[in-house]
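Chemist: Structure in structure tokens, see below.
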Amino acid sequence: MKPIDLRSDTLTQPTQAMREAMAGAEVGDDVFEEDPTLIKLEMLAAKKTGKESALFVPSGTMGNLISVLSHCQRGDEILLGDRSHIFLHEVGGISALGGVHPRILPNNQDGTLPLPLIEQSIRHEDIHSPSTRLICLENTHNFCQGSPISPEYMEYVGDLAAKFGLRVHLDGARLFNAAVALDLDVKILTQRVDSVMFCLSKGLSAPVGSLVCGERDFIQRARKFRKMVGGGMRQAGHLAAAGLVALENLVERLKEDHLHARFLAEQLASIEGIELDQKGVKTNIIFFKLNHPRIDGDKFLSILEAKSIKILMTDPGIFRAVLHREISREQVEVVAKTIQSVLSNGR
Ligand code: TLP
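Residues in the sequence shown are numbered consecutively from 387, following our numbering.
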């Protein structure tokens, strides 16, 4: 039996329409900027985010890395949340490869960074200090319960950045989840950032790819950095074809994943031994804590796996479940019932 796999929305398989579009795509060599399908995808991404230009990259990690490299010089400092993906899960690439100095601020529960702390952390010119160059935000904020960040907050940060001559980069791996959850045009969430990266390979179901969007000059620099880190691709239009299907047809359905997440959260919250902040569940990501006298985190995972359910333990006793296109309402019910029975029977 195929497991019910809630470890991530990255597990989504390409749809039949994507497979057909990939097979039939008109392609060229993208290092020469001659791939018509890729150019079409980049133009659509720029239009959707309200930016001048866009660049296709193989992964979100590479998109964030080359965005930071394109904004900063070696030795510059950037402000980053302590729960942000760039800080936690990108192998320290900005420091290791870019010589960029991260200054870590504690994320609020809703994924924002405290505004007074951002302001206090901006360096004044001093021979001893690195120069603050960039503020990085994340929307939705993965490790803050997949929280969508409001346009009002983006405005505040945009104003702060403008006042101190800083730039803003948005890790929008799940930007479309945020737009759908807030019922807003994506452009509203990106208008105050200088650059944004969003992923096609998560809830949007494409097999590969992310886009970096920003001003033309910025994208030219990013294109060169992409080549430097080995991300210049050739007939990448085959991948872009799936991305076009994702952007054209799969955005609205993200609502369904959000409904499933809310339903699962509601069910889990009523189970003894589970601590879950239901109000915090606004998109497709759920976090919960296990508090059981006889079952620890590892045991919980292995019991569930034996019952064909996979979730992720992100810290000892803390679990993440992500809803996505391959998980139906019926499967959500199975997951809730199974967890209920495991925790009440101890197996
Ligand atoms: N996130 C993955 C894991 O790396 C944790 C996941 O399963 O959620 N920004 C954010 C906010 C992300 O959540 C991710 C992937 C990335 C960037 C990186 O994207 P990829 O995996 O394409 O490099």
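Glycine residues also receive a C-beta, built at the ideal position from the N, C-alpha and C atoms.
Is it the case that the CB of D462 approaches a heavy atom of the ligand TLP more closely than 7 Å?
Modeler: no
Chemist: Using DSSP with H/G/I as helix, E/B as strand and the rest coil, what is G449?
Modeler: helix
Chemist: E712 bridges to which residues according to DSSP?
Modeler: Answer is none; E712 lacks a bridge partner.
Chemist: List the residues that DSSP assigns as beta-bridge partners of V598.
Modeler: V598 is bridged to L441, M583.
Chemist: I need the straight-line Cα distance from G666 to N525, nearest angstrom please.
Modeler: 14 Å
Chemist: Should T498 and R711 be called a contact, given that it needs their Cβ atoms to be closer than 8 Å?
Modeler: no
Chemist: Any heavy atom of the ligand TLP within a distance shorter than 7 Å of the CB on G532?
Modeler: no
Chemist: Straight-line CA distance for L455 to E511?
Modeler: Answer to the nearest angstrom: the Cα atoms are 21 Å apart.
Chemist: Going by alpha carbons, who is nearest to L568 out of R602, L586, V579, G532?
Modeler: G532
Chemist: Quick one: measure Cβ to Cβ for G461 and G436, integer angstroms, because I've assumed they're closer than 8 Å.
Modeler: No, G461 and G436 are not in contact; Cβ-Cβ is about 32 Å, not under 8 Å.
Chemist: Between which residues of its own chain and I574 is the CB-CB distance below 6 Å, once the five residues before and five after are set aside?
Modeler: P537
Chemist: Report the CB separation of K588 from A559 in whole angstroms; it is logged as a contact under 8 Å.
Modeler: 6 Å
Chemist: Can you give the Cα-Cα distance for E652 and P534, rounded to whole angstroms?
Modeler: A straight-line Cα-Cα distance of about 19 Å links E652 and P534.
Chemist: Could you check if H678 belongs to the surroundings of the ligand TLP, using beta carbon to heavy atom distance under 7 Å?
Modeler: Result no, Cβ not under 7 Å from the ligand TLP.
Chemist: Indicate whether E428 and A411 have their beta-carbon atoms separated by less than 8 Å.
Modeler: no
Chemist: Beta-carbon within less than 6 Å of G673's beta-carbon, same chain only, minus the 5 sequence neighbours each way: which residues are those?
Modeler: It should be noted that the sequence gives Phe, not Gly, for residue 673. So the qualifying residues of the chain are Q531, R706.
Chemist: Buried or exposed: N677, going by 16 or more other Cβ atoms within 10 Å of its Cβ?
Modeler: exposed
Chemist: Among the candidates G595, H487, G446, whose CA atom is the shortest distance from the CA of R519?
Modeler: Its Cα nearest to that of R519, the residue H487 stands out among G595, H487, G446.
Chemist: Use the C-beta contact count for K668: other C-beta atoms within 10 angstroms, 16 or more gives buried, fewer gives exposed.
Modeler: buried
Chemist: By the 10 Å Cβ neighbour count, where 16 or more other Cβ atoms means buried, how is V477 classified, buried or exposed?
Modeler: exposed
Chemist: Could you tell me whether any non-hydrogen atom of the ligand TLP is closer than 7 Å to the CB of T398?
Modeler: no
Chemist: Just to check my reading of the structure: G467 and N450 have Cβ atoms closer than 8 Å, yes? What is that Cβ distance to the nearest angstrom?
Modeler: Going by Cβ atoms, the distance from G467 to N450 rounds to 13 Å, so no, they are not a contact pair.
Chemist: Entirely within the segment 461 to 492 and at least 3 residues each: give me those beta strand (DSSP E) ranges in chain order.
Modeler: 463 to 467, 487 to 491
Chemist: Closest by CA to S453, which one among H644, M614, D701?
Modeler: It is M614 whose Cα lies nearest to the Cα of S453.
Chemist: With a threshold of 16 other CB atoms inside 10 Å of the CB of M734, please say whether the residue is buried or exposed.
Modeler: The question about residue 734 has no answer here: the residues shown for the chain are numbered 387 through 733.
Chemist: So who's on the other strand from R553, going by DSSP bridges?
Modeler: L520
Chemist: What residue range does the alpha helix (DSSP H) around D682 cover?
Modeler: It is not in any alpha helix (DSSP H) - D682 carries neither H nor E in the DSSP assignment.
Chemist: Whole-angstrom Cβ separation of V566 and H644, contact assumed at under 8 Å?
Modeler: Taking the Cβ atoms as the reference, V566 lies roughly 7 Å from H644, within the contact range of under 8 Å.
Chemist: Kindly identify the DSSP beta-bridge partner or partners of E661.
Modeler: K675
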